[in-house]
Amino acid sequence: MDKKDPGRVRRAPAEPVVRWSEQREAIFLRTLAETVNVRNAVRASGPSSASVYRRRDTVDTFRAACAAALRQG
2 MDKKDPGRVR RAPAEPVVRW SEQREAIFLR TLAETVNVRN AVRASGPSSA SVYRRRDTVD
62 TFRAACAAAL RQG
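Numbering (this note's numbering) for the sequence shown: 2 to 74.
Written out as structure tokens, the structure reads:
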């Protein structure tokens, strides 16, 4: 609750936005191949899991790289 306006509910601060980079993508894919676990790869590389799935759905090269990493693992 907001002390100045008791009827207003405060929202939690948003998490910082983490942008994709070649380095983050490489870390994500390497960790995905090693662990076969998206959650672990997300933790190692930084972006949110929603960002990973959105990128996989929209970037063909990333989708193919994820599939290859999973096959490798």
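We treat Cβ as the ideally placed atom computed from N, Cα and C, and that holds for glycine.
Here the C-alpha atom of Ala-51 lies approximately 15 Å from the C-alpha atom of Leu-33. In the DSSP assignment, Val-43 falls within the alpha helix (DSSP H) that extends over 39–46. In the structure shown, Arg-20 adopts coil according to DSSP, grouped into three states. Relative to the Cα of Ala-66, the nearest Cα in the group Arg-9, Val-19, Ala-27, Ser-22 belongs to Ala-27. Rounded to whole angstroms, the gap between the alpha carbons of Arg-25 and Phe-63 is 12 Å.
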